[in-house]
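Have a look at the structure below, then the notes.
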Amino acid sequence: EAAVTQSPRSKVAVTGGKVTLSCHQTNNHDYMYWYRQDTGHGLRLIHYSYVADSTEKGDIPDGYKASRPSQENFSLILELASLSQTAVYFCASSDAANERLFFGHGTKLSVL
Amino acid sequence: SQLAEENSWALSVHEGESVTVNCSYKTSITALQWYRQKSGKGPAQLILIRSNEREKRNGRLRATLDTSSQSSSLSITATRCEDTAVYFCATVASSGSWQLIFGSGTQLTVMP
Numbered sequence: 075e076a077a078v079t080q081s082p083r084s085k086v087a088v089t090g091g092k093v094t095l096s097c098h099q100t101n102n103h104d105y106m107y108w109y110r111q112d113t114g115h116g117l118r119l120i121h122y123s124y125v126a127d128s129t130e131k132g133d134i135p136d137g138y139k140a141s142r143p144s145q146e147n148f149s150l151i152l153e154l155a156s157l158s159q160t161a162v163y164f165c166a167s168s169d170a171a172n173e174r175l176f177f178g179h180g181t182k183l184s185v186l
Numbered sequence: 003s004q005l006a007e008e009n010s011w012a013l014s015v016h017e018g019e020s021v022t023v024n025c026s027y028k029t030s031i032t033a034l035q036w037y038r039q040k041s042g043k044g045p046a047q048l049i050l051i052r053s054n055e056r057e058k059r060n061g062r063l064r065a066t067l068d069t070s071s072q073s074s075s076l077s078i079t080a081t082r083c084e085d086t087a088v089y090f091c092a093t094v095a096s097s098g099s100w101q102l103i104f105g106s107g108t109q110l111t112v113m114p
């Protein structure tokens, strides 16, 4: 079974602070994604990457940056965290674009 | 904009019964995927059905796709308590954005 590991599992951040969410996959997949899930809603794509050292904007990139230093690692960076960024964040990987996505367990972020 | 949407917020059945979750979408697609998300976990893909397919099975699960009415259904037979989860449909448009767009999900509760 493919493995995607996110850290931390939960985080409390202060408004205006910097937050980095990390994701590591051992699937040897080219594609990696960051999604955001708000309570009672589906997932929305923030950033994605199909090759190391390159990232692309998804549907809701404002306020977020992404970094893909290697095939295995993909980070999501909130330079100035805001209350509206309180959500659960999921990282995923896939072998081909938008085929079977393998998700991590999620990071619950609370911005106070 | 919401490309795909499940037709019910919540469903409940008793163990052993069958249940169907419906999804409608708004534009031409290349494929539709069904995901299941259990509490505290990331989504897991159940079935991927391509636009030239009408039905796909995976054990107790059966997905159908009707491109003329732009709708899909996921049926689960002989439900078990462990089928309790949120079920999402997700689509990729055949033109324009290639992003995988998730619906907001249907909460299925299987009661003993």
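Going down the list, the protein sequences come from chains A and B.
The opening position of the first sequence corresponds to residue 75 in this note's numbering, with each subsequent residue numbered one higher.
The opening position of the second sequence corresponds to residue 3 in this note's numbering, with each subsequent residue numbered one higher.
Ideal Cβ placement from N, Cα and C applies to all residues, glycine included.
Taking only three categories from DSSP, how would you classify residue i?
| i | result |
| --- | --- |
| Leu102(B) | strand |
| Leu175(A) | coil |
| Asp112(A) | coil |
| Leu157(A) | helix |
| Ser3(B) | Confidence at Ser3(B) is low in this model, with a pLDDT of 42, below 50, so its placement is unreliable and no value can be given for it. |
| Asp169(A) | coil |
| Asp68(B) | strand |
| Glu84(B) | helix |
| Asn125(B) | The structure shown does not extend to residue 125(B), since chain B is modelled only from 3 to 114, so the question has no answer here. |
| Lys1(B) | Given a span of 3 to 114 for chain B in the structure shown, any question on residue 1(B) remains unanswerable. |
| Tyr138(A) | coil |
| Ala126(A) | coil |
| Ala77(A) | coil |
| Thr111(B) | strand |
Going by C-alpha to C-alpha distance, which of the options sits closest to residue i?
| i | options | result |
| --- | --- | --- |
| Asn60(B) | Tyr89(B), Val88(B), Leu50(B) and Ala92(B) | Leu50(B) |
| Ser141(A) | Ile151(A), Asp133(A), Ser184(A) and Gly90(A) | Ile151(A) |
| Tyr138(A) | Ala155(A), Asp127(A), Ala126(A) and Ser144(A) | Ala155(A) |
| Phe176(A) | Ser70(B), Ala6(B) and Pro45(B) | Pro45(B) |
| Tyr105(A) | Lys182(A), Ala166(A) and Pro82(A) | Ala166(A) |
| Ser74(B) | Val94(B), Glu57(B), Ser96(B) and Ala95(B) | Glu57(B) |
Skipping 5 residues on each side, what residues in its chain have a beta carbon closer than 7 Å to that of residue i?
| i | result |
| --- | --- |
| Ser3(B) | Low per-residue confidence applies at Ser3(B): pLDDT is 42, beneath 50, and the placement is therefore not dependable enough to give any value. |
| Ala87(B) | Arg38, Gln39, Lys40 and Leu110 |
Determine the chain E residues that contact residue i at a beta-carbon separation under 7 Å, and present them in chain order.
| i | result |
| --- | --- |
| Trp100(B) | The structure shown contains no chain E; its protein chains are A and B. |
Whole angstroms is fine: what's the gap from residue i's alpha carbon to residue j's?
| i | j | result |
| --- | --- | --- |
| Ser84(A) | Thr160(A) | 11 Å |
| Glu153(A) | Trp11(B) | 35 Å |
| Leu67(B) | Leu34(B) | 8 Å |
| Glu173(A) | Leu95(A) | 24 Å |
| Ser158(A) | Gln99(A) | 28 Å |
| Ser14(B) | Ala170(A) | 35 Å |
| Lys92(A) | Asp85(B) | 38 Å |
| Glu146(A) | Tyr124(A) | 11 Å |
| Ser26(B) | Glu8(B) | 6 Å |
| Val162(A) | Gln39(B) | 13 Å |
| Val78(A) | Val112(B) | 28 Å |
| Asp136(A) | Asn101(A) | 29 Å |
| Lys43(B) | Tyr107(A) | 16 Å |
| Lys188(A) | Ser149(A) | An answer regarding residue 188(A) cannot be provided, because it is not within the stretch 75 to 186 covered by chain A. |
| Thr89(A) | Ser128(A) | 28 Å |
| Glu2(B) | Ala80(B) | Lying before the first or after the last residue shown, residue 2(B) is absent from chain B, which here runs from 3 to 114. |
| Ser30(B) | Gly180(A) | 31 Å |
| Asn54(B) | Leu102(B) | 18 Å |
| Cys91(B) | Gly105(B) | 6 Å |
Enumerate in chain order the residues of its own chain whose CB-to-CB distance from residue i is below 6 Å, with the five nearest sequence positions on each side excluded.
| i | result |
| --- | --- |
| Ser77(B) | Thr22 and Arg64 |
| Asp133(A) | Arg118 and Leu119 |
Could you check if residue i belongs to the surroundings of the ligand NAP, using beta carbon to heavy atom distance under 6 Å?
| i | result |
| --- | --- |
| Phe176(A) | In the structure on display, the ligand NAP does not appear, and there are no ligands present to speak of. |
Which residues, in chain order, does the segment 106-130 of chain A contribute to contact with chain B at a C-beta distance below 9 Å? Tyr107, Tyr109, Gln111, Gly114, His115, Gly116, Leu117, Arg118, Leu119 and Tyr122
Residues of the segment 41-52 of chain B in Cβ contact with chain A at a cutoff of 8 Å, in chain order, please. Flagged, chain order: Gly42, Lys43, Gly44, Pro45, Ala46, Gln47 and Leu50.
Give me the subset of the segment 142-164 of chain A whose CB atoms are less than 8 Å from a CB atom of chain B, sorted by chain position. Phe164
Mind checking the segment 83-98 of chain B against chain A and listing, in chain order, the residues whose C-beta falls within less than 7 Å of any C-beta there? Residues of the segment 83-98 of chain B with a C-beta less than 7 Å from any C-beta of chain A: Phe90 and Val94, listed in chain order.
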